[in-house]
Structures are given as C-alpha cells and as structure tokens.
Amino acid sequence: MKTIYRFSGITVIMLTSFCAGAQTANGTGSSDYKTAVGIRAGGTSGLTFKRFTGSGNAFEVIAGAWSYGFSVTGLYERHANAGAPGLNWYYGGGAHVAAETGWVYYRNYYYDRRYDYFYRAGNDFGIGVDGIIGLEYKIKPIPFAVSLDLKPFVEVNTAGGAYLGFDPGLGIKVAF
C-alpha cells in the first residue's frame, strides 16, 4: 500500500513540475484543426470528440465502455506547443459519470487475504473528477491526429466505494 501512495505522490509532483515549466514556454498551442472525432484505447476505451474554442483551449468528450459498464467524460484542455511542428502537449480537467452493469472484481485488501480477488454483482452509478495530461501529434499531410495521455481520476459510487485510477490511453482521431 505504501508503494501506491509513493507512486501517487511522485506522479503528482512530476505533473505539477511539468505544467509549471510549460507555462513559460513560447507558443499558444493552437492546433491545425478545429474539430476531431476518433477512438481512445486504454482503461477507458471508446469514442472521443474534441472541439477547439480558440487560443489553444479545447473541450473533449469521451464516451467510454469496458467489460462491465460505460461512462461519459467531459474535459476542458489547454494545449501548448511542444517544440516540434504539429506536436502539442496538453493538460486539463473535468468530470465523468459511470454506470456499472454487471460483475465487478476487486482486489481483496481488507479481508482475510486468503483469496486474491472477490466480486459482487452491481448496477451502480458513479461520479468522479478527472485530470488529463498528454501529447498530441497532428500528421500534416493527412487529416489524422494521434495522442498519448494519462487521465487520472477519483470516483465515488452508489456501492459506497471510492477509487483512484491512472487511466493511460492512446487516441487516433480524424481531424477537420
């Protein structure tokens, strides 16, 4: 358990340092496109829609699904130039709602530890707060953008659980 707390602390410090250092970088991070639609593969896999509002600001919606549920995430993102043509890094935050529709497996940390996992049947509802940080590359001659990101989140649900997750993802979008 100490390893999880240590990893979380190191991650927060690194992200904070990265964001603070990037604030002094040149460039507005304006993208070569206004709208993009695509897919995201990762902990939350699904369809994604991104719309730039100007000055490097964007809104992104992710409709995600996994083996036992689905979610909708809304994010506000700030994009900045990463030093190479077509390459931007971004950070931001937002929120999500999720519904669990079947069997959910959890690691057994709080009981007698004779079993590694336990499960419960659930039709639960969850809400959470999300952050996001990542890199996106717009491929110049063709209308595609590729992104790699980390979307940490905290969620509470109707089953009485609270979860912290680090949701990495790879996205491919058609940009227009």
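The opening position of the sequence shown corresponds to residue 151 in the working numbering, with each subsequent residue numbered one higher.
For each residue, glycine too, the CB sits at the ideal point set by N, CA and C.
Residue range of the beta strand (DSSP E) that includes residue i
i	result
Gly196	Ser195 to Gly204
Lys184	Counting along the chain, Lys184 falls outside any beta strand (DSSP E), and DSSP gives it neither H nor E.
Asn207	Asn207 to Trp216
Phe316	Ala312 to Ala325
Gly233	Gly219 to Ala234
Ile282	Phe275 to Ile289
Ala249	Leu237 to Glu250
Ala295	Phe294 to Asn307
Contacting residues, own chain, Cβ-Cβ under 6 Å from residue i (five flanking each side not counted)
i	result
Leu285	Trp239 and Leu298
Val306	Ala312
Val296	Tyr287 and Ile322
Leu237	Tyr287
Lys200	Ala186, Ala208 and Glu210
Own chain, CB closer than 7 Å to residue i, minus 5 neighbours either side, in chain order
i	result
Gly171	Confidence in Gly171 is poor, its pLDDT being 41 and thus under 50, which makes the residue's placement unreliable; the coordinate value appears in the next sentence. Excluding residues within five positions, none has a Cβ falling inside 7 Å.
Thr174	Any reading at Thr174 needs caution, since the residue's pLDDT is 36, under 50, leaving its predicted position unreliable; the model's value is listed next. There are no such residues.
Gly390	Nothing in the structure corresponds to residue 390, since the chain is present only between 151 and 326.
Ala249	Gly219, Phe220 and Phe275
Ile212	Arg190, Thr194, Gly196, Thr198 and Thr223
Nearest-angstrom Cβ-Cβ length linking residue i and residue j, presumed shorter than 8 Å
i	j	result
Gly219	Thr251	5 Å
Leu147	Ala191	What the structure shows of the chain is the stretch from 151 to 326, and residue 147 is not part of that stretch, so it cannot be assessed.
Ala186	Lys323	4 Å
Gly214	Gly315	The pair is not a contact, with the Cβ atoms about 12 Å apart (cut-off 8 Å).
Val247	Val222	6 Å
Proximity winner among the options, relative to residue i (alpha-carbon distances)
i	options	result
Thr198	Ile189, Ala249 and Gly206	Ile189
Arg228	Ala213, Ile212 and Ser205	Ser205
Leu225	Gly233, Phe303 and Tyr313	Phe303
Lys290	Ile283, Ala234 and Gly244	Ala234
Ala245	Ser217, Asn231, Phe202 and Gly276	Gly276
Ile283	Ala249, Ala232, Gly236 and Val247	Ala232
Cutoff 8 Å; reference residue i; Cβ partners in own chain excluding five residues on either side
i	result
Thr166	Confidence in Thr166 is poor, its pLDDT being 43 and thus under 50, which makes the residue's placement too unreliable to answer from.
Tyr183	Phe202, Lys288, Pro293, Ala295, Ala325 and Phe326
Ser195	Ile189, Gly214, Ala215, Trp216 and Gly319
Chain C contact for residue i (CB, 7 Å cutoff)
i	result
Gly219	This model lacks chain C altogether; it includes just one protein chain.
Residue i: CB within 6 Å of a non-hydrogen atom of the ligand GDP
i	result
Tyr241	For the ligand GDP, the structure offers nothing, since it holds no ligand at all.
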